Amino acid sequence: METTRFKVNDKPVELQIDPQTPLLWVLREQLGLTGTKFGCGMALCGACTVHVDGTAVRSCVTPVKAVAGRQVRTIEGLSTDRSHPIQRAWLQVQVPQCGYCQPGQMMSAAALLSVNSNPSDSDIDDAMAGNLCRCGTYARIRKAIHMAAEMTRSEK
Amino acid sequence: MIQPCRLSLLICLCATILAPVLAGVICSPFALATIQENTPGKDAQSLQAFREVASVLTSPRCLNCHTSTDGPLQGDDNHPHAMNVKRGLDGKGSAALRCRACHQTENAKFLHGPPGAADWQLPPPNTPMAWKGLTIAEICRAVKDPAKNGNRSLPDLIPHMETSLVRWAWNPGPGRTVPPLSHEEFVSRLKEWIETGAACPE
């Protein structure tokens, strides 16, 4: 057990924990942030995607020691009032079917828009290739990302 | 009395015996190296050293990132990386699918989990350092060419081989083969190749 300190959704966190514990379990079990989902546990599906210092990472294979001193953002922290362009576009397009993978999809999409506010279809495909959706909502995901990108550009 | 022709023979014999000794004593290392580079024996030694170096460079652990494809390969059979992962503008992945999204600074502990090392990346697209599909002779020339090797001199190649990313090849995690030479042997053969003139096969 070691003391590990970091921030989650702008709030400081201090835990006595095995430093090899996957960040996903810390978020879900220690911190109660269950929006981030367990899918494969092997970084193959993207359901557990969160941001670490703004970069999308797979929390299921990220040991908590790797985020010491850093800022973690989960789906709960994307905005406090569902105002993030990704959230608004997702609602408007009604992207989810079962919804299980959508927190990971949205976090990857938000990471894409943070560095590219005018992504092409190809940019979206490259960025989202690691997020799987067994319901096959890919067409709506792409549509929503384009919509969110337009919102982002018009609100700058 | 020594006859003139016997005197000439004696001088020739002495010169033959003493010249290499004197050369070893008074010549600068550079001059000696120049002589060695041009001798067939040294070329053969250099070529043999590179063949051994190439046995590592063409191992899956190196080829999977030193590829001309738009993204990395994976596995001992060099198949395309799952999820259509791309090289990206800096060799570290695309905008929301960075190498770091999955690859940590150390290997995942489970079979076929994401491997990891510090600074996990592919060569950048402007210098892809690709030798997948090349012959050993072509790889040799590419490794020597600063335009294709990341603007490195031959001595600059050594520090690259000492990075944690390259050293990872000898600690690749469960389910992955290691290169045929040890890391120590690999670096030793690379130095030998450079010191003996960095000869390339035809």
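Respectively, the protein sequence lines represent chains A and B. For what it's worth, our numbering labels the leading residue of the first sequence as 1, then goes sequentially. For what it's worth, our numbering labels the leading residue of the second sequence as 1001, then goes sequentially. All residues carry an ideal CB built from backbone N, CA and C; glycine is no exception. Values in this document were obtained by computation on a predicted structure and should not be read as measured data.
Within 7 angstroms (strictly less), CB to CB, does residue i reach chain A?
i, result
"residue 1114 (chain B)", "yes"
"residue 1074 (chain B)", "no"
"residue 1094 (chain B)", "yes"
"residue 1064 (chain B)", "no"
"residue 1104 (chain B)", "yes"
"residue 1117 (chain B)", "no"
"residue 1108 (chain B)", "yes"
"residue 1084 (chain B)", "yes"
"residue 1111 (chain B)", "no"
"residue 1098 (chain B)", "yes"
"residue 1101 (chain B)", "yes"
"residue 1023 (chain B)", "The pLDDT assigned to residue 1023 (chain B) is 38, lower than 50, so where the model puts this residue is not dependable, and the model offers no usable value."
From this set, the options, which residue's C-alpha is nearest residue i's C-alpha?
i, options, result
"residue 12 (chain A)", "A:68, A:98, A:20 and A:87", "A:68"
"residue 7 (chain A)", "A:72, A:61, A:154 and A:15", "A:72"
"residue 75 (chain A)", "A:92, A:105 and A:155", "A:105"
"residue 102 (chain A)", "A:141, A:54 and A:85", "A:141"
"residue 1096 (chain B)", "A:93, A:125 and A:64", "A:125"
"residue 131 (chain A)", "A:47, A:15, A:81 and A:10", "A:47"
"residue 133 (chain A)", "A:38, A:2, A:45 and A:151", "A:45"
"residue 20 (chain A)", "A:10, A:14 and A:4", "A:4"
"residue 1114 (chain B)", "B:1125, B:1122 and B:1101", "B:1101"
"residue 1199 (chain B)", "B:1071, B:1104, B:1143 and B:1172", "B:1143"
"residue 51 (chain A)", "A:42, A:2, A:40 and A:114", "A:114"
"residue 39 (chain A)", "A:129, A:94 and A:59", "A:59"
"residue 1151 (chain B)", "B:1112, B:1163, B:1126 and B:1194", "B:1126"
"residue 1058 (chain B)", "B:1044, B:1138, B:1106 and B:1159", "B:1138"
"residue 1062 (chain B)", "B:1047, B:1049 and B:1133", "B:1133"
From residue i to residue j, what does the alpha carbon distance come to, in whole angstroms?
i, j, result
"residue 34 (chain A)", "residue 1157 (chain B)", "48 angstroms"
"residue 1087 (chain B)", "residue 1094 (chain B)", "7 angstroms"
"residue 1129 (chain B)", "residue 30 (chain A)", "45 angstroms"
"residue 111 (chain A)", "residue 1170 (chain B)", "33 angstroms"
"residue 1065 (chain B)", "residue 83 (chain A)", "40 angstroms"
"residue 1167 (chain B)", "residue 1181 (chain B)", "12 angstroms"
"residue 1141 (chain B)", "residue 146 (chain A)", "45 angstroms"
"residue 62 (chain A)", "residue 56 (chain A)", "11 angstroms"
"residue 1108 (chain B)", "residue 1042 (chain B)", "44 angstroms"
"residue 1075 (chain B)", "residue 1135 (chain B)", "21 angstroms"
"residue 1054 (chain B)", "residue 1068 (chain B)", "17 angstroms"
"residue 1080 (chain B)", "residue 1122 (chain B)", "14 angstroms"
"residue 1091 (chain B)", "residue 81 (chain A)", "36 angstroms"
"residue 1056 (chain B)", "residue 85 (chain A)", "49 angstroms"
"residue 1177 (chain B)", "residue 1060 (chain B)", "8 angstroms"
"residue 143 (chain A)", "residue 1099 (chain B)", "26 angstroms"
Report yes or no: is there a C-beta of chain B within less than 7 angstroms of the C-beta of residue i?
i, result
"residue 27 (chain A)", "no"
"residue 117 (chain A)", "no"
"residue 78 (chain A)", "no"
"residue 35 (chain A)", "no"
"residue 95 (chain A)", "no"
"residue 1 (chain A)", "no"
"residue 58 (chain A)", "yes"
"residue 55 (chain A)", "yes"
"residue 67 (chain A)", "no"
"residue 127 (chain A)", "yes"
Using three-state DSSP, classify residue i as helix, strand or coil.
i, result
"residue 70 (chain A)", "coil"
"residue 6 (chain A)", "strand"
"residue 1138 (chain B)", "helix"
"residue 14 (chain A)", "strand"
"residue 1097 (chain B)", "strand"
"residue 1032 (chain B)", "Reliability of the predicted coordinates at residue 1032 (chain B) is poor, the pLDDT of 38 falling under 50, and the value obtained from them is presented with this limitation in mind. If DSSP states are grouped into helix, strand and coil, residue 1032 (chain B) belongs with the helices."
"residue 103 (chain A)", "helix"
"residue 1178 (chain B)", "coil"
"residue 1130 (chain B)", "coil"
"residue 1159 (chain B)", "helix"
"residue 1089 (chain B)", "coil"
"residue 1152 (chain B)", "coil"
"residue 1074 (chain B)", "strand"
"residue 85 (chain A)", "helix"
"residue 56 (chain A)", "strand"
If you count every other CB in all the chains shown that lies within 10 Å of the CB of residue i, and 16 or more means buried, which is it?
i, result
"residue 1073 (chain B)", "buried"
"residue 99 (chain A)", "exposed"
"residue 1190 (chain B)", "buried"
"residue 1110 (chain B)", "exposed"
"residue 9 (chain A)", "buried"
"residue 37 (chain A)", "buried"
"residue 92 (chain A)", "exposed"
"residue 1089 (chain B)", "exposed"
"residue 1175 (chain B)", "exposed"
"residue 89 (chain A)", "buried"
Residue i: beta carbon under 6 angstroms from a heavy atom of the ligand COA?
i, result
"residue 1062 (chain B)", "This structure lacks the ligand COA, and indeed carries no ligand of any kind."
Please list, in chain order, the chain C residues whose beta carbon lies closer than 7 angstroms to that of residue i.
i, result
"residue 18 (chain A)", "Included in the structure are the protein chains A and B, with no chain C among them."
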